[in-house]
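Working notes, structure below.
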Amino acid sequence: MSRFLDPRLNNLMPYTPGEQPQAGKFIKLNTNESPYPPSPMVIEALKGKAQTLRLYPDPECRELRGAIAGSYGLDINQVICGNGSDELLAFIFQALCPKGAAFADITYGFYKVWAQLYGLNTKVIPLRNDFTICLDDYRALDETLFFANPNAPTGIALGPRDIAALAQERPDRLIVVDEAYVDFGAESCMQFVDELENLLVVHTFSKSRNLAGGRVAFAAGNRELIADLNRIRFSFNPYNISRLSQIAGAAAAADRQYLTQCSSKIIAARERTAGEIRALGFEMTDSRANFLFVRHPGLKGAEIYSKLRERGVLVRYFGGERIEDYVRISVGSDYEMDALIDALRAICREKFK
Ligand SMILES: Cc1ncc(COP(=O)(O)O)c(C=O)c1O
């Protein structure tokens, strides 16, 4: 720490992103990226576009927002784009939490970092023992509520109608639904954005749209909320999405068929893997995401992580209270899942021989 750091930031605990090793070193199942390339429409749209990098990108992201609005049946003014959903969520924590923020004890780890960064009053609400969210615990809270749905790293999904009902009860309180993983078998709250002025839905193109490296995401909500977020964006970085990413995002948004194709393959691989590793004695939550959250009664979480790593398979181990036995495994291609299953089988054989 230098002597120039603002003392208010002395105790800030930054987010630790998943490891990004050199290409080819591991079967990489640790940060929930897609195993598939971006849509062929994205590859085509980017051809010959490098020379346009001379110019700044469109600060209004008109083409990208138009494609997203068209794809989800929204008005373009109900959409704001971000450099990944991390940026949009940071704006929301900064600007739309006048009474603080509330979220689950086990959820996307970045929420508590932003809450701390912006000095927010924070309520952390424990999940039930089975890792489900009890919405009743949130009814009386005045803080802005954040739900990752499906939740991360559990993959467990809430019903969108239950979230909408909670929003309807208290129109004075904002609910933010982070739907990073919704395309892998959960139901979206997007359908309620028109009728509920206190609902913001955040999507990313990093997972189901196969564009983690492009950093493209959007939030959808009431026009005034989107205008508020744009006030922050234009006070921070109006050119927040690069030219190439805007082009890639617009093409990806237009290709719903490819999204469905890739998501279906990932859902099938998830279910197959779940079945095969259950047979090895692993237990897991009911994941509707592109990852499995698993434990084994005879193995410690850190042990599963390190033994897989020794065998060239990289998964995510968080540690910490209530989840020290678990690892999160991203769902990859069939080939990657076969390698994972073989490695887990070998680990079990060695441990329980
Ligand atoms: C629940 C959740 N929300 C948001 C993000 C951020 O995604 P990105 O910034 O790539 O859009 C992640 C990333 O893993 C996530 O798990």
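Just so it is clear: in the sequence shown, position 16 is 467 by the working numbering, and no numbers are missing.
We put the CB at the ideal spot given by N, CA and C, even for glycine.
{"Query": "Span of the alpha helix (DSSP H) around R612", "Result": "611-620"}
{"Query": "Nearest residue (CA-CA) to Q471, options K479, M464, P465", "Result": "K479"}
{"Query": "Closest by C-alpha distance to E727, when choosing among V745, R739, L710, A740", "Result": "V745"}
{"Query": "Inter-residue CB distance, L759 and A794 (contact presumed, cutoff 8 Å)", "Result": "6 Å"}
{"Query": "N-terminal and C-terminal residue of the alpha helix (DSSP H) that S490 is part of", "Result": "Careful: S490 lies outside any alpha helix (DSSP H) and carries neither H nor E."}
{"Query": "Sheet register partners of A552 (DSSP bridge)", "Result": "T573, T595"}
{"Query": "Near ligand 1: N681 beta-carbon under 7 Å from a heavy atom", "Result": "no"}
{"Query": "C-alpha gap between C519 and G499, whole angstroms", "Result": "Here the sequence assigns Ile to residue 519, which means Cys is not the residue at that position. About 23 Å."}
{"Query": "Burial state of F554, where buried means 16 or more other Cβ atoms lie within 10 Å", "Result": "buried"}
{"Query": "Under 8 Å between C-beta atoms of N481 and G469", "Result": "yes"}
{"Query": "Check: N661 C-beta below 7 Å from any heavy atom of ligand 1", "Result": "no"}
{"Query": "Assigned secondary structure, S781 (DSSP; H/G/I helix, E/B strand, else coil)", "Result": "strand"}
{"Query": "Between the CA atoms of R666 and P508 - distance to the nearest angstrom", "Result": "14 Å"}
{"Query": "Residue burial classification, T724 (beta-carbon count within 10 angstroms, cutoff 16)", "Result": "buried"}
{"Query": "Under 8 Å between C-beta atoms of A608 and A631", "Result": "no"}
{"Query": "Selected residue, minimal CA-CA separation from F544, among L568, L650, F803", "Result": "L568"}
{"Query": "Ligand 3 heavy atom lying under 7 Å from the CB of Y559", "Result": "In terms of ligand content, the structure shown lacks ligand 3 and carries ligand 1 instead."}
{"Query": "Contact set for V530: own chain, Cβ-Cβ below 6 Å, skip 5 residues either direction", "Result": "R516, I519, A520, F669, A671"}
{"Query": "Ligand 1 heavy atom lying under 7 Å from the CB of A631", "Result": "yes"}
{"Query": "Buried versus exposed, by CB contacts within 10 Å (16 or more), A797", "Result": "exposed"}
{"Query": "Residue range of the unbroken alpha helix (DSSP H) whose run includes A703", "Result": "694-705"}
{"Query": "Contiguous beta strand (DSSP E) assignments of at least 3 residues, all confined to the stretch 498-533", "Result": "530-533"}
{"Query": "Alpha carbon of C512 to alpha carbon of V652, nearest angstrom", "Result": "18 Å"}
{"Query": "Close Cβ partners of D593 (< 7 Å) along its chain, the five nearest in sequence each way excluded", "Result": "K550, R624"}
{"Query": "Residues sharing a beta bridge with M735, DSSP", "Result": "V745"}
{"Query": "Where I626 sits in the DSSP three-state scheme", "Result": "strand"}
{"Query": "Start-to-end residues for the alpha helix (DSSP H) that takes in A541", "Result": "536-546"}
{"Query": "Per-residue burial, A566 [other beta carbons within 10 Å of its own, 16 or more giving buried]", "Result": "buried"}
{"Query": "V564 - containing alpha helix (DSSP H), residue span", "Result": "561-568"}
{"Query": "8 Å Cβ shell around G610 - same chain, five flanking residues per side excluded", "Result": "E638"}
{"Query": "Residues near A546 in its chain [Cβ-Cβ closer than 8 Å; skip 5 each side]", "Result": "D679, L680, R682, I683"}
{"Query": "Rounded straight-line distance, which links the Cα of S784 to that of Y777", "Result": "22 Å"}
{"Query": "Run of the beta strand (DSSP E) containing L651, from where it starts to where it stops", "Result": "650-655"}
{"Query": "Closer than 7 Å: L605 CB and nearest ligand 1 heavy atom", "Result": "Note that residue 605 is Thr in the sequence shown here, rather than Leu. No - ligand 1 has no heavy atom lying nearer than 7 Å to the Cβ of T605."}
{"Query": "K479 - partner residues in DSSP beta bridges", "Result": "L765"}
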